[in-house]
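Numbering (the numbering used here), first residue to last: 34 to 178.
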Amino acid sequence: MPDYRRFRVPGGSAFFTVTLRQRRDTTLLTDRIELLRNAVRRVRRARPFRIDAWVVLPEHLHCIWTLPPGDADNATRWRLIKSFFVRELPPTEWRSSTRVRSGERGIWQRRFWEHAILDDADYAAHMDCVHFNPVTHGFVTMPGG
Numbered sequence: 034m035p036d037y038r039r040f041r042v043p044g045g046s047a048f049f050t051v052t053l054r055q056r057r058d059t060t061l062l063t064d065r066i067e068l069l070r071n072a073v074r075r076v077r078r079a080r081p082f083r084i085d086a087w088v089v090l091p092e093h094l095h096c097i098w099t100l101p102p103g104d105a106d107n108a109t110r111w112r113l114i115k116s117f118f119v120r121e122l123p124p125t126e127w128r129s130s131t132r133v134r135s136g137e138r139g140i141w142q143r144r145f146w147e148h149a150i151l152d153d154a155d156y157a158a159h160m161d162c163v164h165f166n167p168v169t170h171g172f173v174t175m176p177g178g
C-alpha cells in the first residue's frame, strides 16, 4: 500500500496533479471549466492561496500554489474544490457500493499528487511542466498557443 506523505511547509509552494477517476474519452473538466473556476474561487475566499500557475486539460489538471505564512493545509483545499465542483454536476456516473456508502460521487481520483517546491530551479522546472503539458498531450503546438 502506498505511503502518502503530504507537503507540510507553512507558506510554501507546491506542484499538484489532480485527475478524474475516468481518464478515457472525457472532456469533463474543460466542458465544465466554469464550475471548476467557481469551486476554486469559493475555496480561495474561505482559505486563501496564491495560484502561481494552472492548466486544465480534459481529464486532469496541474497547478502550482503558494500558501499563506503559517498555513500548510493543501489537502482540505483540494477536498473542498473537488466537492464543490462535483455538487454542481448532475448525478449520472456509476458508483460502487463503497462510494455510495461513503457519499463519494466517484468523479475524482481519491487522492492527488503533490510535490513540494524546493528552490528556484525546481519552481522553474514545474512551471515549465504546467506550460508544456498541453503540448505533451497534443492540444497545442507551443505553450500559450
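Just so you know, even glycine gets a beta-carbon here, dropped at the ideal spot from N, CA and C.
Where are the beta strand (DSSP E) runs, 3 residues long or more, that stay fully inside the segment 82 to 142, in chain order? DSSP assignment within the segment 82 to 142 yields the following whole beta strand (DSSP E) runs of 3 residues or more, N-terminal first: 83 to 89 and 93 to 99.
So for residue 170, helix, strand or coil by DSSP? Here residue 170 carries a coil assignment [DSSP, helix/strand/coil].
Looking at C-beta atoms only, is the number of pairs between the segment 58 to 65 and the segment 146 to 164 that lie closer than 8 Å three or more? The segment 58 to 65 makes no contact with the segment 146 to 164: fewer than 3 CB pairs, one atom from each, lie closer than 8 Å.
Identify whether residue 53 lies in helix, strand or coil by the three-state DSSP scheme. Strand at residue 53.
Can you tell which of 94, 72 and 84 has the C-alpha that lies nearest to the C-alpha of residue 167? The option with the nearest alpha carbon to residue 167 is 94.
Does the beta-carbon distance from residue 69 to residue 82 come in below 9 Å? In this structure, residue 82 does not lie closer than 9 Å to residue 69 by Cβ.
Who are the Cβ neighbours of residue 127 in its own chain at under 8 Å, not counting the five residues just before and after it? Taken in chain order, the residues that qualify are 139.
If you measure from the CB of residue 81, is any heavy atom of the ligand ATP nearer than 8 Å? By its list of ligands, the structure shown contains no ligand whatsoever, and the ligand ATP lies outside what it can speak to.
Could you tell me which of 66, 75, 162 and 115 sits nearest to residue 54, measuring between CA atoms? Minimum Cα-Cα distance from residue 54 among the listed residues 66, 75, 162 and 115 corresponds to 115.
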